[in-house]
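Data first, discussion second: the structure below is written as structure tokens.
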DNA sequence: TATTTATTTGTACGTTCGTATAAAATTTTG
DNA sequence: CAAAATTTTATACGAACGTACAAATAAATA
């Protein structure tokens, strides 16, 4: 299995619908994954209100009610879509943070390391992962600045965000903690903007093809590391 | 009239509906403004698909068809909402750029000046302007990372964005032009994130009240100026 | 083998959506 | 004052929405 999929791949054989009846092995995870994949794609393309449960069912090759049967009301389906990969993302960021702490041996973790460790899992998944990860990244970008999205993001991402912010504040001793939070917010906004693949950077630079997200990633790390470092200067 | 409204205020007396019949003065601008105000608010709160034309009409105190009569299909209404203040915003940024060019007397404009001039009109309007500007700022944040929004933003904002990017590239001679575009995109993402007022910074910092956007504005200017400046270092 | 459990199917309900049509009301124009 | 123009009101249409119910099907259980 390719490393960048982080253990999650698109449900195979999306064209073949299941026959009715109790499935052979324990639970019917296959169908659930198919529904999540379809919902992820449509929510990313059209937004929460723009994507209908009917569309999701059709995209998954299922009847309408299968979606409600497995996930309940629409909001629960939406939350399940976000949660699935949020758990993976959070795990990667926690691992990276633990490793960085170990390497620092009690000292503050370098800013650049913190920026890299927080942003890297997301951009790597969005650029090297399968279509599911690309859809997920686009979806998170849509969610960033709207009420429903912020509420769900808070539930799944805020704990880890606070852990990184605490390390940033430690590494930036003397900086206003609120400035650090603003810097962190700016970093996240930029990260989501890169992965949203809106085509705007191409239009603004005159490129015909999209710049590789890894290149933007390196720029983003340098750019935001420098930004954080100036916050210590009163 | 307060300076920060930039000549646009909410239509007065939103509770009184107009009587039917041809209006006394030329066109019925009063009703049009009321509809735009209502649509601006609801699109910001609920998104394009989440806000219905019925809701807009009710918010404006009008019958359903008045909206369609004045603005045609829903997408045209949406574009009109974005366009109204985009024209004002673009004007302010152009003025600032012209003034900065004059002051530079042929030399490159300082980075910090460019950052400030681009971001300031938006954040000042969103923080000191009336409710209409606050709604508009929230709406633009929602639009940033979705297809429909990006298309409309391109139509109304890309020309001025390119003018600022050209000056940034001139001031950052030696930097990769693509890096400069990425930095500009990061700056815009952060600007929109601040004005979206999602409540996330409060949750991440433990504040109970929202940090004044002007404070975040000053941080953002320092932060991103430093980011741009490192792009010249290979 | 008979019963229970899990899943899919098919159909349907009431609501809301964007848009359209027709008529009434008021001002401007001739 | 009569006719044309403009805007509001009132109503309605077909389509799509989220959700729900009952029946059918197949595996698990007894």
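Protein chains in written order, with this note's numbering: chain A, 1 to 234; chain B, 1001 to 1234.
We treat Cβ as the ideally placed atom computed from N, Cα and C, and that holds for glycine.
Check, Outcome
"Pick helix, strand or coil for residue 194 of chain A, following the three-state DSSP scheme.", "helix"
"Quick check on residue 39 of chain A: does DSSP put it in helix, strand or coil?", "helix"
"Can you tell me which of the three DSSP states residue 73 of chain A falls into?", "coil"
"What residue ranges within the segment 1123 to 1169 of chain B form continuous alpha helix (DSSP H) runs of no fewer than 4 residues, ordered along the chain?", "1131 to 1143"
"For chain B, is any of its Cβ atoms less than 9 Å away from the one on residue 145 of chain A?", "yes"
"So what does DSSP say about residue 1201 of chain B, is it helix, strand or coil?", "helix"
"CA-CA distance, residue 1029 of chain B and residue 77 of chain A?", "43 Å"
"Once you ignore the five residues that flank residue 1051 of chain B on each side, which residues in its own chain have a CB closer than 8 Å to its CB?", "1039, 1042, 1043 and 1045"
"Please determine, among B/1154, B/1184, B/1067 and B/1153, the residue with the shortest C-alpha to C-alpha distance to residue 1167 of chain B.", "B/1184"
"For residue 190 of chain A, is the classification buried or exposed, using 16 other Cβ atoms within 10 angstroms of its Cβ as the cut-off for buried?", "buried"
"So with Cβ pairs under 9 Å, would you call residue 192 of chain A a contact of chain B?", "yes"
"Helix, strand or coil for residue 1176 of chain B, going by three-state DSSP, please let me know.", "coil"
"Are residue 1223 of chain B and residue 231 of chain A touching if we call contact CB-CB under 9 Å?", "yes"
"Return the first residue and the last residue of the alpha helix (DSSP H) that residue 1226 of chain B is part of.", "1213 to 1230"
"Which value, in whole angstroms, describes the spacing of the CA atoms of residue 1182 of chain B and residue 1036 of chain B?", "33 Å"
"Buried or exposed for residue 107 of chain A, going by 16 or more other Cβ atoms inside 10 Å?", "exposed"
"For residue 157 of chain A and residue 86 of chain A, I'd like the C-alpha separation in whole angstroms.", "7 Å"
"Using a C-beta cutoff of 9 Å, does residue 1177 of chain B count as contacting chain A?", "yes"
"Taking one C-beta from the segment 1111 to 1131 of chain B and one from the segment 1198 to 1206 of chain B each time, how about it: are there three or more such pairs within less than 8 Å?", "no"
"Could you tell me how far apart the beta carbons of residue 138 of chain A and residue 213 of chain A are, in whole angstroms, since I believe they sit closer than 8 Å?", "With a Cβ gap of about 12 Å, residue 138 of chain A and residue 213 of chain A do not count as contacting."
"Would you verify that the beta carbon of residue 1119 of chain B is, or is not, closer than 9 Å to some beta carbon of chain A?", "no"
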